[in-house]
Structures are given as C-alpha cells and as structure tokens.
Amino acid sequence: MKRLIAAAVLGVILLILYSTSYFYVTNTCTKTKELLKECRVAYDKQHDAEKKAEEINEFWNKKEPILSIFSSHNKIDDIEEALYCLEIYSKTDEKEIFYEYHGTVEILIHQLLEDTKPGVHSIL
Amino acid sequence: MQPNELVITLLISEIAAMPLQDITQPLIFGISAIFVLVILEIVMSVLSMKSIKIRRLMNGKSVVVIKNGVIDQVAMKSVRVTVIDLIEMLRGQNVFDISTVAFAVLEVNGDLSVLLKSSEQPATAKDVKAQNDEVFLPLPVITDGKILEDSLTALQMTKNELTPILNAHKVTLENVFLMTLDRKGNINLVKRSNV
Numbered sequence: 731m732k733r734l735i736a737a738a739v740l741g742v743i744l745l746i747l748y749s750t751s752y753f754y755v756t757n758t759c760t761k762t763k764e765l766l767k768e769c770r771v772a773y774d775k776q777h778d779a780e781k782k783a784e785e786i787n788e789f790w791n792k793k794e795p796i797l798s799i800f801s802s803h804n805k806i807d808d809i810e811e812a813l814y815c816l817e818i819y820s821k822t823d824e825k826e827i828f829y830e831y832h833g834t835v836e837i838l839i840h841q842l843l844e845d846t847k848p849g850v851h852s853i854l
Numbered sequence: 004m005q006p007n008e009l010v011i012t013l014l015i016s017e018i019a020a021m022p023l024q025d026i027t028q029p030l031i032f033g034i035s036a037i038f039v040l041v042i043l044e045i046v047m048s049v050l051s052m053k054s055i056k057i058r059r060l061m062n063g064k065s066v067v068v069i070k071n072g073v074i075d076q077v078a079m080k081s082v083r084v085t086v087i088d089l090i091e092m093l094r095g096q097n098v099f100d101i102s103t104v105a106f107a108v109l110e111v112n113g114d115l116s117v118l119l120k121s122s123e124q125p126a127t128a129k130d131v132k133a134q135n136d137e138v139f140l141p142l143p144v145i146t147d148g149k150i151l152e153d154s155l156t157a158l159q160m161t162k163n164e165l166t167p168i169l170n171a172h173k174v175t176l177e178n179v180f181l182m183t184l185d186r187k188g189n190i191n192l193v194k195r196s197n198v
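Protein chains in written order, with this note's numbering: chain V, 731 to 854; chain E, 4 to 198.
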C-alpha cells in the first residue's frame, strides 16, 4: 500500500508538472498570437508596428527561459529568429517579406501549441 | 533482478541521459518519462504481489530442467537452453555429474538452482550428530577509532564496558582499526597500522 501511495504521489507530481507546462505554453502562445495580430493591424495602418514588434520580442525573451524547460529548444529558437526578422521588416515598407515572417511566426506558434496539446501522438 | 526490472532500469538510464546528450531537448521530456516508468514499475510490482497470473505474465516462472538425474528435454526446449549451457551452469554450481542431481531449477533471473540427491549431499553436523555451539553474529563496535553506538545497543552494552577490553589489549580507542564483538563475548581486534 505504501508503494502505491508513492506511485500516486509521483502521478500527482507528474500531472502538476504537465498541467503547469501546458498552461504556461498555451498562455504564452495565445498572448503572442494576440500581439502578432495587433502588430499586423498596426503595420497595415502604418502606425507603430515597430513598437509592437519590439513588444512581442521582449515578451518572448522574457518567457523563453521557462519555455525551454517545457518545449523543444529548437522550436523556441526558430520562433525567436522569426520574431527578430519580423521586427526588422516592421521598420521597412517591404510588405511581402513582413507578411511572410508574420505567417512564419504564426505557423511556428501553432506547431508549438499542437505539440503541447495532449493527444495520442504525444502519449505514444 | 526480474526481467521487467532490468528493462525498466535500462530504459530509465537511457532516458535520463537523453536531455544531457541532446541539449535541445526540454528537461520535462526526460523527467515525465522517468516518472511514468517509475509509476508503472511500482504499480506492476504491487499487482504482481497481489495476483499470481500477473506475476507469471510479468516475471515468468521457474522451470525444472533436471528431475532425478534425467534432463527434461521438453522443458529445455521451452526455455531455449542448450545442453552445453546447462552443463556449464551445473559446473558453476560444482556439479560435474548430472546423475547426482535430484532437481535442477532454472530460475526466472537465469540462475540455476541445484538440489543434489541425498546420497550425494555433504554430511552436516546434524548427520554426524556432532555437538555444535550456538552461533553468534559478530558486530563491529569500533571502526577507525570510532565507537558504533548501534552495535553497542544491539549487544546491550555501554561505552564504559569497552574500556576494560581495550585496556586488556593494551590499546587506546584511537589506535583501534576494527573491533568486533558478539553476544558471547568473543573479541576480534585489529590495531591501526602506522602506514
């Protein structure tokens, strides 16, 4: 019975760890998506898109250390890289490239979210 | 160690090394996988204790490969052990003649347990009706000049009772490398060398 209690305690710790990681990644990705939308609107209106892009970068850099405990470092770095490019092109009039990076960040964040969601693939 | 325990041990060590080998892997992947394996191992061990069927499924069962000096060839086939392997294992048990074996059991951990025929078993003190003294377990009471309180408690002794013993051996506590004592009062004292 004592061993089963130990297993149950480990199970609870595992659940807490998993739910913490799930909510942390989900919240971070949702917030980043919101900021991305705002950035795109600002770019379309040609109103402070650069500031918005900076804000996203700052937000991502702040979250990155804890995110790297929960998610693949490669994916986080890819998003970081795409966000830097987005910031650079938010200062220019090269719309196509800006939209391309905007789309890239959205896809990468979507992938990160999908990887975090519990499913048969993650269990297997 | 049971086969499933060996597999779990190998898996855990492999998974624990993963985040160290590949720094792009997040820490939680390794931790959660190890936790799951430990939980499964605990649950399976409890279930195997409760149910004989699960125990057989998880651990297998021991097989008698020699009965009254005769090799059970069907059993040998079922456990996929060759005669050469069997003879080798018997030699490991100091048995060189199969006909002297009453029973040989291949255990689930791969060891071979051998019971010799009664005529081949070495005589015990009981067989020759020899008077034997009661055996007492010698406990280490001093190691490296330090008294082990637990051993003294087990022997129902106090520290003060050690002083006359040390005086009788003309040695101080600091100069004792090892001293063992049993309940009957048998002493074994090793002095510290000056190396």
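Where is the CB? At the ideal position from N, CA and C, for every residue including glycine.
Note to self: Can you tell me whether Leu158 of chain E is helix, strand or coil according to DSSP?
What the structure shows: Along the second sequence, one-based indexing puts residue 158 of chain E at 155. DSSP places Leu158 of chain E in coil when its eight states are reduced to three.
Notebook entry, point to check: For the region 114-171 of chain E, which segments carrying the beta strand (DSSP E) assignment without a break, of at least 3 residues, lie completely within its bounds, in sequence order?
Noted result: 115-119, 142-146
Next item on the list: Kindly list, in the order they appear in chain E, the residues whose Cβ is closer than 9 Å to that of Met746 of chain V.
Entry: The residue you call residue 746 of chain V lines up with position 16 of the first sequence. A quick correction: the sequence has Ile, not Met, at residue 746 of chain V. Going along chain E, no residue has its Cβ under 9 Å from Ile746 of chain V, so there is no contact; the nearest lies around 11 Å.
Next item on the list: Using a Cβ cut-off of 8 Å, pull out every chain V residue sitting near Thr12 of chain E, in sequence order please.
Entry: Position 9 of the second sequence holds residue 12 of chain E. Chain V residues near Thr12 of chain E: none, gap ~17 Å exceeds 8 Å.
Checklist line | Rounded separation between Gln124 of chain E and Ile90 of chain E - CA only | finding: Within the second sequence, numbered from 1, the residue matching residue 124 of chain E stands at position 121. Within the second sequence, numbered from 1, the residue matching residue 90 of chain E stands at position 87. Gln124 of chain E and Ile90 of chain E: Cα-Cα distance of roughly 19 Å.
Notebook entry, point to check: Closer than 8 Å, CB to CB, is Gly849 of chain V near chain E or not?
Noted result: Residue mapping note: residue 849 of chain V aligns to position 119 of the first sequence, counting from 1. Taking Cβ atoms only, chain E never reaches closer than 8 Å to Gly849 of chain V, which makes this a no.
Next item on the list: Report the residue ranges of all beta strand (DSSP E) runs contained in full by the region 21-102 of chain E; include only those spanning at least 3 residues, in chain order.
Entry: 66-70
Next item on the list: Report the three-state DSSP secondary structure of Val835 of chain V (helix, strand or coil).
Entry: Taking the first residue of the first sequence as 1, we reach residue 835 of chain V at position 105. Residue state, collapsed to three classes: helix.
Note to self: Between the alpha carbons of Asn189 of chain E and Pro141 of chain E, how many angstroms are there, rounded?
What the structure shows: For the purposes of this step, residue 189 of chain E is taken as residue 186 along the second sequence, with counting starting at 1. For the purposes of this step, residue 141 of chain E is taken as residue 138 along the second sequence, with counting starting at 1. So the two alpha carbons sit approximately 8 Å from each other.
Check: Thinking C-beta only, is Glu785 of chain V closer than 8 Å to Leu816 of chain V?
Finding: As a working mapping, residue 816 of chain V is identified with position 86 in the first sequence. As a working mapping, residue 785 of chain V is identified with position 55 in the first sequence. It is not a contact, given that the beta carbons lie outside the stated cut-off.
Next item on the list: Would you tell me roughly how many angstroms separate the C-alpha atoms of Lys782 of chain V and Ile809 of chain V, rounded to the nearest one?
Entry: Against the first sequence, residue 782 of chain V aligns to sequence position 52. Against the first sequence, residue 809 of chain V aligns to sequence position 79. Roughly 16 Å separates the two Cα atoms.
Check: Taking Cβ to Cβ, would you say Thr183 of chain E is nearer than 8 Å to Val144 of chain E?
Finding: Taking the first residue of the second sequence as 1, we reach residue 183 of chain E at position 180. Taking the first residue of the second sequence as 1, we reach residue 144 of chain E at position 141. Yes.
Notebook entry, point to check: If the cut is a Cβ gap below 8 Å, which residues of chain E does Ala736 of chain V touch?
Noted result: Translated into the one-based positions of the first sequence, residue 736 of chain V becomes position 6. Those are Ile45, listed as they occur along chain E.
Checklist line | Buried versus exposed, by CB contacts within 10 Å (16 or more), Val86 of chain E | finding: If you number the second sequence from 1, residue 86 of chain E lands on position 83. Exposed: under 16 other Cβ atoms inside 10 Å.
Notebook entry, point to check: What residues from chain V crowd round Ile31 of chain E, counting only those whose CB sits closer than 7 Å?
Noted result: In the second sequence, counting from the first residue as 1, residue 31 of chain E sits at position 28. Neighbours of Ile31 of chain E on chain V, chain order: Leu747, Ser751, Ile799, Phe800.
Next item on the list: Output yes or no for whether 8 Å exceeds the beta carbon distance between Gly84 of chain E and Gln5 of chain E.
Entry: One-based indexing of the second sequence puts residue 84 of chain E at position 81. One-based indexing of the second sequence puts residue 5 of chain E at position 2. It is worth fixing the name first, because residue 84 of chain E is Val in this sequence and not Gly. No. Outside cutoff.
Next item on the list: Compare the C-beta of Leu740 of chain V with all C-beta atoms of chain E and state if any pair is closer than 8 Å.
Entry: As a position in the first sequence, residue 740 of chain V is number 10, starting the count at 1. Chain E contact via Cβ: present.
Check: DSSP state of Thr175 of chain E, grouped into three classes?
Finding: By 1-based counting over the second sequence, the position of residue 175 of chain E is 172. DSSP places Thr175 of chain E in coil when its eight states are reduced to three.
Notebook entry, point to check: Between the beta-carbon of Lys732 of chain V and the beta-carbon of Ile839 of chain V, is there less than 8 Å?
Noted result: Taking the first sequence and counting its residues from 1, the one referred to as residue 732 of chain V is at position 2. Taking the first sequence and counting its residues from 1, the one referred to as residue 839 of chain V is at position 109. Cβ atoms of Lys732 of chain V and Ile839 of chain V: not closer than 8 Å.
Notebook entry, point to check: To which residues of the same chain is Ser154 of chain E closer than 7 Å at the C-beta, ignoring the five residues directly before and after it?
Noted result: Position 151 of the second sequence, counted from the first residue, corresponds to residue 154 of chain E. These residues qualify, in order along the chain: Leu142, Pro143, Val144.
Notebook entry, point to check: Taking DSSP as the reference, what is the three-state secondary structure of Thr12 of chain E?
Noted result: Along the second sequence, read from residue 1 onward, the residue named residue 12 of chain E stands at position 9. It is helical.
Item checked: Host beta strand (DSSP E) of Asn191 of chain E (start-end) -> Taking the second sequence and counting its residues from 1, the one referred to as residue 191 of chain E is at position 188. Segment 190-194, the beta strand (DSSP E) holding Asn191 of chain E.
Item checked: Nonlocal neighbours in the same chain, by C-beta distance under 7 Å from Cys759 of chain V, ignoring five residues either side -> As a working note, residue 759 of chain V is residue 29 in the first sequence. Closer than 7 Å at Cβ, skipping near neighbours: Ile839, Leu842, Leu843.
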